[in-house]
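For reference, the structure discussed in these notes is given below.
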Amino acid sequence: MRASERVNERRLWQRHVDMAKLGGLPRGGVNRQALSPEDAAARRLLAEWAAARGFDVYGDPIGNLYVRRAGTEADAPPVLTGSHMDSQPTGGKYDGMYGVLAGFEALEALEDAGIRTRRPVAVIAWMNEEGSRFQPGAMGSAVWGGDYALSAMLDVTDRAGVRLGDALKDTLSVAPCRIVPDFDRRFHAYIEAHIEQGPRLEADRRTIGVVTGIQGSQRYTVDISGEEAHAGTTPLRVRKDALRSAIAVVDALQRHMNDPADVVRFTVGRFECRPGSPNTVPGHVHFTVDFRHPDATVLARLGDGIERVVAASVAPCTAKVVRITDVAPTVFDARIVDLVRAKSEALGLPNMDMPSGAGHDAMHVAPHGPAGMIFVPCERGISHNEAEAATPADLAAGARVLVDCLAELANE
Ligand code: GLV
Ligand code: MN
Ligand code: MN
């Protein structure tokens with residue numbers, strides 16, 4: 067029997083419904099930011115489900131959560147899958163959570179089919195993929211991969227000044243598990259399932275996206291300092307208005323990022339003006355810059371120009387520019403890409419090869435071993451939005467492809 071025959075569409079859907087209650091928002095989305103009480107509740111629920119099926123549950127020092135089904139050879143490098151359970155502040159029910167629940171469904175399907183695998187198969191719920199509360203994002207996978215230092219990340223604070231290490235301690239007090247002392251990077255293969263977060267599968271009426279790679283990205287913070295002053299008395303020509311300078315800087319950055327081919331993705335997603343009083347000239351503006359491109363050379367050229375563009379347009383204020391992340395484009399392992407395509411074909415699922423525009427934990431896993439991803443459609447490609455939607459049938463189809471890939475890899 068193929069493991070995919072035991073994928074249970076209703077069970078997988080119900081698990082999404084249950085998880086969506088944790089941090090559920092009135093307009094149908096979720097706010098389950100990393101290491102919040104809602105995230106802790108999701109970790110606890112996943113661990114309960116895992117315990118009920120006899121799977122091993124443990125964590126690592128940055129708070130990645132593992133659910134592991136044993137193989138017949140305990141020491142064989144495992145096959146890994148997973149994604150993240152944290153969300154954007156106004157996120158949807160599927161971004162990240164689908165990859166964790168599809169992975170968990172795969173473990174259950176293997177169990178229900180009575181399939182023993184040589185290698186262990188583990189689902190990882192990577193800590194803080196979104197990076198909306200604690201920057202940078204994809205933090206759990208990046209620390210696991212050795213791209214960011216553990217100690218530095220534990221000291222990152224959120225906007226309320228809460229240290230990540232303390233939030234992790236609080237989370238573990240609500241959702242306790244055994245913590246292994248070190249990161250184990252030995253693995254045989256990694257496959258992450260995710261909703262597409264773009265419109266191509268729906269438009270082309272395909273059920274499975276065979277993901278070939280992920281475009282590169284960089285993220286920056288820009289802090290512009292001017293001088294607070296009285297709005298009624300201070301002539302415009304002597305002001306150091308941080309907001310006026312910030313508008314000029316964003317405008318200059320927009321021109322720097324201009325791409326007639328519309329391949330560059332440039333976003334200022336956070337823009338904070340202080341003190342935020344109607345009758346005080348703003349003294350400080352903080353904003354973020356996120357931009358992406360599939361070509362490493364273009365990415366580097368755009369990134370290397372940022373400081374110069376900011377400096378040239380910020381007068382009479384001053385600016386501090388900090389690069390938060392620089393993630394190179396990812397090319398997935400050809401054998402994993404071929405396997406995802408072959409398993410989709412074997413299941414009779416219409417599929418297409420495609421790159422990922424969004425970032426994923428897989429980009430920090432891929433440098434360490436064979437990795438790939440499976441996409442399923444989401445309605446109108448909408449994501450990072452409470453309206454994010456996917457069908458039970460498509461979610462189950464992706465889980466079927468996933469488990470057939472995992473079962474084959476786990477017996478190699
Ligand atoms: C992940 O959410 C990303 O920003 O691509
Ligand atoms: Mn995601
Ligand atoms: Mn996301």
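Just so we're on the same page, the working numbering is the position in the sequence shown counted from 1, plus 66.
C-beta: ideal position from N, C-alpha, C; glycine also.
For a quick check, are the C-beta atoms of residue 462 and residue 75 less than 7 Å apart? yes
Can you list the residues near ligand 1, meaning Cβ strictly closer than 5 Å to any non-hydrogen atom, in the order they appear in the chain? In chain order, the hits are 424, 425.
Quick check: residue 416 and residue 273, are their CB atoms within less than 7 Å of each other? yes
Going by DSSP, which residues form a beta bridge with residue 421? 279
Is there contact here, the segment 232 to 242 with the segment 96 to 108, by at least three beta-carbon pairs under 8 Å? Contact holds: three or more Cβ-Cβ distances are below 8 Å.
Please classify residue 261 as buried or exposed, where buried requires at least 16 neighbouring CB atoms within 10 angstroms. buried
With respect to the alpha helix (DSSP H) encompassing residue 207, which residues constitute its N-terminal and C-terminal limits? 205 to 210
Could you tell me which residues DSSP puts in a beta bridge with residue 115? None; residue 115 has no bridge partner.
Would you say the beta carbon of residue 161 is closer than 6 Å to some non-hydrogen atom of ligand 2? yes
In whole angstroms, what is the alpha-carbon distance linking residue 81 and residue 258? 18 Å
Please give me, in chain order, every unbroken run of the beta strand (DSSP E) with length at least 3 that falls completely inside the segment 260 to 325. 274 to 280, 282 to 291
Does the distance from the C-beta atom of residue 142 to that of residue 185 stay below 7 Å? yes
Which same chain residues end up closer than 6 Å to residue 395 when comparing Cβ atoms and leaving out the 5 residues on each side of it in sequence? 281, 282, 360, 362
Secondary structure, beta strand (DSSP E): runs of 3+ residues fully inside the segment 393 to 457: The segment 393 to 457 contains these whole beta strand (DSSP E) runs: 417 to 422, 437 to 442.
Give the DSSP-derived three-state secondary structure of residue 181 in the structure shown. Here residue 181 sits in coil by DSSP.
On the three-pair Cβ rule with 8 Å, is the segment 240 to 253 touching the segment 340 to 357? no
Apart from the five residues on each side of it in sequence, which residues of its chain come closer than 6 Å, Cβ to Cβ, to residue 308? 290, 292, 348, 349, 350, 351, 383
Under 7 Å between C-beta atoms of residue 207 and residue 427: For the 7 Å CB-CB criterion, residue 207 and residue 427 form a contact.
For chain C, check one thing: does any of its Cβ atoms lie closer than 7 Å to the Cβ of residue 381? Protein chains in the displayed structure number just one, and chain C is not present.
Rounded separation between residue 69 and residue 121 - CA only: Cα to Cα, residue 69 sits roughly 17 Å from residue 121.
Quick check on residue 131: does DSSP put it in helix, strand or coil? strand
Would you say residue 196 touches ligand 3, meaning its beta carbon is less than 6 Å from a heavy atom? yes
Would you say residue 376 and residue 385 are within 7 Å of each other, going by their C-beta atoms? yes
Taking Cβ to Cβ, would you say residue 454 is nearer than 7 Å to residue 231? no
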